[in-house]
Amino acid sequence: LRMIRIGRSFGRTGVFASQDFGPLPMLIAAAEVEDVRSFVQDSVGAIADHDRRHGTPYMETLFSYLREGCRSQACADAMGLHVTTLRYRLARIQELFGVDLDTPERRFAFELAIRLREVIDNRDSVER
Numbered sequence: 104l105r106m107i108r109i110g111r112s113f114g115r116t117g118v119f120a121s122q123d124f125g126p127l128p129m130l131i132a133a134a135e136v137e138d139v140r141s142f143v144q145d146s147v148g149a150i151a152d153h154d155r156r157h158g159t160p161y162m163e164t165l166f167s168y169l170r171e172g173c174r175s176q177a178c179a180d181a182m183g184l185h186v187t188t189l190r191y192r193l194a195r196i197q198e199l200f201g202v203d204l205d206t207p208e209r210r211f212a213f214e215l216a217i218r219l220r221e222v223i224d225n226r227d228s229v230e231r
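Under our numbering, the letters of the sequence shown match residues 104 to 231, in that order.
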């Protein structure tokens, strides 16, 4: 039953195994803890709010950049952007939100926050 809820929180249907989600089931279990929600809000809440208010793609850009190992050209290709456009967006993200991706710890923290936010949002929509 737990894995079904986890699968639904990711929008998955059909057959899947716990290994399909890596460590995220453990994190989902923690998603009800207010500290996790606070971490997500403190880390990426301002970016999500800005995207919602202004129709900007900053959260998607940041997540794609992290997912592509912070390789600008690979990220630009994956998003269908010119690399100059990607670099401009990353500069705006840094300027507006103070996002620092210089250390592995910071990159991990932002990627974790983005993934947890997605899990929390999906979970909240499934429970409605």
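A virtual CB, placed ideally from N, CA and C, is assigned to each residue, including glycine.
Close CB contacts of Ser175 within its chain, under the 7 Å cut and outside five residues either way in sequence, are with Val186, Leu189 and Arg190 (chain order). For the 8 Å CB-CB criterion, Val143 and Leu219 form a contact. Less than 8 Å divides the Cβ of Arg140 from the Cβ of Ile223. At a Cβ-Cβ threshold of 8 Å, Tyr161 and Arg192 count as neighbours. For Phe166, the enclosing alpha helix (DSSP H) begins and ends at Tyr161 to Arg170. Leaving aside the five residues that flank Phe200 on each side, the residues in its chain whose CB is nearer than 6 Å to its CB run, in chain order, Ala149 and Ile150. About 16 Å separates the Cβ atoms of Leu169 and Arg195, ruling out a contact at the 8 Å cut-off.
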